[in-house]
Amino acid sequence: MEKHIFLLILLFLVQYYSVFISAAPSNETDQEALLAFQNLVTSPSLFLAKNWTSNTSFCSWFGVTCSSRRQRVVALTLPNLKLQGTISPSLANLSFLRELNLGNNFFHGGIPYGLGNLPRLRVIDIQNNQLQGSIPRNLFQHQRVEKVSLAFNELNGEMWNGPWYVPELKVLDLMNNSLTGMIPPTVGNATKLMNLSLSGNKISGNIPKEIGNLSQLAVLSLYDNQLTGSIPATMFKISSLIAAALGINRLSGPLLLDEGNSLSNLEELSISYNLISGYIPSNICQLTELRILSISFNNIAGEIPRNIGCLAKLEMFFIGFNKINGVIPTSLGNITALQYLSCPNNHMEGLIPPELGKLSNLRLLYFQENYNLTGEIPEAIFNISSLETIFFSFNKLSGRIPATTGLHLPNLQELFLAQNQLEGEIPPYITNASKLETLELSGNYLRGSIPTNLGNLRGLKNLLLWGNQLVNEPGEHELRFFNSLVDCRMLRYLYVGSNPLNGVLPDAIGNLSSTIENFHMSDAHINGLIPTGIGNISGLLGLDFEENNLTGSIPSEVSKLTQLQGLFLTKNKLQGHIVEAVCHLSNLVRLTLNDNELFGLIPECIGNLSMLQQLYVDSNNFSSKLPLSIWKMSRLLYLNISENSIEGEVPPDIGELKAIVELDFSSNHFWGMIPSECGELQNLKSLNLSNNSFSGPIPLSFANLIGLEFLDLSFNALSGTIPKSLEKLSHLISINVSFNDLEGEIPSGGVFANFTSQSFLGNSGLCGMQVLGVPACPITNSGRQSNSKKLLLKVVIPVVISSFLMFLLASIWIVKRQKKGKSKDVEKVPEIKTHQLVSYHEIQRATNNFDGSNLIGVGSSGSVYKGTLSSGIVVAMKVLDLQNEEACKRFDTECEVVRNVRHRNLVTVITTCSSEHIRAFVLQYMSNGSLDNWLYREECHLNLLQRVTIMLDVAVAIEYLHHFHDTPIVHCDIKPANVLLDEDMVAHVGDFGISKILAVSKSMAHTETLGTLGYIAPEYGSEGIVSTSGDVYSYGIMLMEVLAKRRPADEEIFNENLGLREWIKRAFSGTMMEAVDANLFLEEEQVNSKSEICIASMIQLALDCTNERPESRIAMKDVVKRLHKIKNTFLAT
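According to mature numbering (1 follows the signal peptide of the UniProt record, and there is no 0), the residues represented by the sequence shown are -23 to -1, 1 to 1110, in order.
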């Protein structure tokens, strides 16, 4: 017995010892694995180095959890600690590990392959880091893993397309990486999957039909990829599905719901920004739990189902930018839960049903730009107390604006009814909408007077009533509505022009809010004087009183308008001198005083306007000599002093106007010789010296005016010959030297072959070709003796030159082929078939004879239409206004620039059309419009990541123009309106109408035209030049605007006497987050430190771009590098 007991005790000791021996090395293995992990990790506070020490058991280390029995590591959780470094492969030795959580740190490098071999692993969460490389394929064949979260990294490579075997997987979150490849059909094997999030990658191919096998799936998030094909019908049979987000892809085909499908729990269906066609399913009523239906920006046609009211729980209904037609269903009024109803840019027609008035929770109502909605606006709509925005602009609505005393819109902030056929009066009860900020009624047939109670709208910011038939109150002399507007202390835009108001501006003008930025009353039949109180509106940027009957003089009080950039007083009856007060407007860029009755001297102090680019004082009664200071205005682009009585000689100092584009001195009393320094005006396009008393020869230096298009020297006393060197002015369109004393042979080469006799009338000494109506020039003997030389010049030399040119072109072609390989990443553009020049009739056909329903936008230089070419390609057609001389000039400039530029982030010009009927560009269609719209339209929202990505796209485009093109190109007009977004929200830079191509050996050139105020660099025009650093400055201003959602001329900024850069810089050193746009983050998003780091980095970049000295600004290639780093850091958080 004792022997048996001894043997049992001995056996127990042997087993215990053997277990101890086996356990000890395993514990050491876990510790060694953790220490190896620690050696590759750092943190700002050295947290792990201080906590993970040999003084304590590794099981008590921070973030480490051990099993109680074996003391083996079962969990390593170290999120949100700012850890940096790589993930050690040694973690694969933690064979008992169940959970690995390293989220929200700064780990880079790859994911160790061995992690996928850990047999007990349940959770791997490494989201919001900077991981690269591919995802280990064994994670897709792990039998126990339940959650894989690798979102917001820089992972790339293809999705594992082999067989998936993850029977326990519930969450797979890989969103916001750069993964490629396709979703394999074996995804259907993950039958316990509840959340599949692959959004924000580059995944292509179809959505496999096997997705329907995921019977427990609740969230399917695949938006922002490159998926194609149709939406599988099997998806609509997943009864557990709550949200399906498939937007921003290239999905096509119809949206089909099988009868009796099981999607009774679906609450969100988002397929916007795809190529979905067909119709809204008539059996959509099966989706009884649907709260959000977003199908905007597709090719969906047909009518809205008349039984749409069956979706009783629908809160958001977005169907804009499709081809939906028919009438608005009355059953929409049954969806009492509806808050957002957005159907802009479709083909809806007919009446607006009064049943919409039953939508008691409605906040946003958008039906703008359907163009065919008719009839009256139902009164019931104006009694929905929850409404915040009503947008019915660009339709054919008629009748009156509802004017019942029951008008009750206490939450209405925006009312857009512009460009309709509304008539009647503006109802005084409109002021019951006490929160109204924007009242846009322009372009209608409204009559009566402007209500005198608008002052009750204390929050009004935008009052836009131009282009109606509004008049003054009967029997009133003054325009009394201004008295009421005094109480609108937040007013920014006041547009009441193009109305026959027929009244006098009251003194109350001086009491209007200083927040007003633009005050437009052109063509309004205004009489009397400009009130002296105008100077009190200190925030004015633009003051437009053109085409009225204003009399008296310009009040000296305008000197108080220190922020004023544009003063427009053309076509009035103003008298007196140009008061010295005008000279104090140091920010003035455009001054138009032409067609008045001003007289006396143009004051010497006009030279103080150092920012001035446009000065029009023509058609007045000015006399004496021009002030010498005018020649020092180095930023001046347009100077017109024609039709006055100005006298004297033009001094050599005219050559200092390096930036000048147009000079018009015609119909004055100038005399003396034309100074040869005129030839130094390299940017000059138009020169008119006609109807003066100039004498002497035409300067030979005119041959240096390589950009000259119009030259008029008629009706002077010029003598000598017409310089033959003018033949090389290849851009010259028109020349007129009639009625002078010129003699000799009229040049016949170059552009002179295009001119007619009308250009040379009244010069008795001229000779030349018979078609010019002048005598033939005498032939000399020396001329006969030179026949053999002429033969040599005409035959032999051209042959030699042609051979040389062929050799040169071949060499260039070889070099470009070699260069193309090096720059293939720079010059990727969408594959668009090359077209020959299209005809005017083809453009007519593509736009349905320029039908208003195809009109995308209207600008100062013309209109843009959406059209479909005969090949079926949808394009945008930019049709220039042939009456706009400047627009036609820009056409040639833009053609020159876009001829050889190709880049994925530049708007592609497919072809052009130029004839006597039309000048037009056929452009790649950008379905998402401009960045400007996305920043300032209420219905558009961009989060921080989208803004970073868009600005990176823009930077890459400008980098290409500056650094990767054969000759550097300066865009000259970088602003949000010139950044267009395609269907994938990829940014494209467009509008090269005022761009400059720099010579290979030069880093700058002379400016040709006016950039957009607020974006132009300080040195723009100071030396009469533009350079790539000017583009960098404009980009920096736009970057600030994108972050702050504030235009460079924002009211708050100018109330503080600051520019946008100074305002941002002040905020950067203080309350930075208060200065950025509140819409950067959704309500449910938390603003974390990583977001703040991203914003701070971008603001610093913007400040570096906008240094006052051009040489202190960074280059655009460095901007791209820094933005890449900023984006990657942000995505890793």
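Ideal Cβ positions, reconstructed from N, Cα and C, are used throughout, including at glycine. If you're wondering where the values come from, they're calculated on a predicted model, not measured in any experiment.
In terms of Cβ geometry, A210 and E245 do not form a close pair [threshold 8 Å]. Under the three-state reduction of DSSP, L520 is assigned to strand. Taking every protein chain shown into account, the CB of S337 has fewer than 16 other CB atoms within 10 angstroms, so this residue is exposed. In the DSSP assignment, R377 is bridged to E400. G110 is positioned such that its CB atom lies no closer than 8 Å to that of G139. Within the same chain, and ignoring the five residues on either side of K59 in sequence, the residues whose Cβ sits closer than 6 Å to its Cβ are S20 and P21.
The shortest C-alpha to C-alpha distance from N910 to any of L743, V884, V956 and T889 is the one to V956. Excluding sequence positions up to five before and after Q8, its CB lies within less than 6 Å of the CB of F35, all in the same chain and listed in chain order. If you compare the alpha carbons of N322, I503 and L341 with that of N372, the shortest gap goes to N322.
DSSP links W648 through a beta bridge to S670. Distance check between L703 and each of A694, V728 and E720 places V728 closest, using alpha-carbon atoms only. Only residues of its own chain outside the window of five on either side were considered, and among them M152, N153, S198, L199, Y200, D201, N202 and A222 have a CB closer than 8 Å to the CB of S176, listed in chain order. Look at M854 here: in three-state DSSP terms it is strand.
One Cα belongs to N4, the other to L194, and the distance between them is close to 40 Å. Closest by C-alpha distance to S904, out of N106, Y90 and F298, is F298. Scanning its chain for C-beta atoms nearer than 8 Å, with the 5 sequence neighbours on each side dropped, one finds around T313 the residues A289, K335, L336, S337 and N338, in chain order.
By the neighbour-count criterion, in which 16 or more other beta carbons inside 10 Å mark a residue as buried, G750 falls on the exposed side.
Counted as a single uninterrupted DSSP element, the stretch harbouring R881 is not any alpha helix (DSSP H), since DSSP gives it neither H nor E. In terms of Cβ geometry, T870 and G844 do not form a close pair [threshold 8 Å]. Taking a 10 Å sphere around the C-beta of G577, we find fewer than 16 other C-beta atoms and assign the residue as exposed. With 16 or more other Cβ atoms from the protein chains shown falling within 10 Å of its own Cβ, F599 counts as buried. In the structure shown, E633 falls within a helical segment according to DSSP collapsed to helix, strand and coil. The criterion of a C-beta distance shorter than 8 Å is not satisfied by E722 and G697.
Between F73 and N106 a beta carbon distance of about 24 Å is seen, past the 8 Å cut, so the two are scored as non-contacting. The C-beta distance from S229 to S207 rounds to 6 Å, short enough to meet the 8 Å contact threshold.
Relative to the Cα of R97, the nearest Cα in the group G553, R49, N1105 and L437 belongs to R49. Under the DSSP assignment, V556 falls outside any beta strand (DSSP E); it carries neither an H nor an E label. Closest in alpha carbon position to L1078, among R1024, P532 and M1015, is M1015. Buried is the label assigned to T1083, since at least 16 other Cβ atoms lie within 10 Å of its Cβ. Annotation: I887 to H561 spans about 48 Å, alpha carbon to alpha carbon. Within the segment 220 to 293, complete beta strand (DSSP E) segments of at least 3 residues are found at 220 to 222, 229 to 231, 245 to 247, 252 to 254, 269 to 271 and 278 to 280, given in chain order.
Counting only residues of its own chain and dropping the five nearest sequence neighbours on each side, G134 has a CB closer than 6 Å to the CB of S111.
C744 is bridged by DSSP to E722.
According to DSSP, residue pairing for M159 in a beta bridge involves S181. R1099: member of the alpha helix (DSSP H) spanning M1093 to L1108, first to last residue. Around the beta carbon of L605, a 10 Å sphere encloses fewer than 16 other beta carbons of the protein chains shown; the residue is thus reported as exposed.
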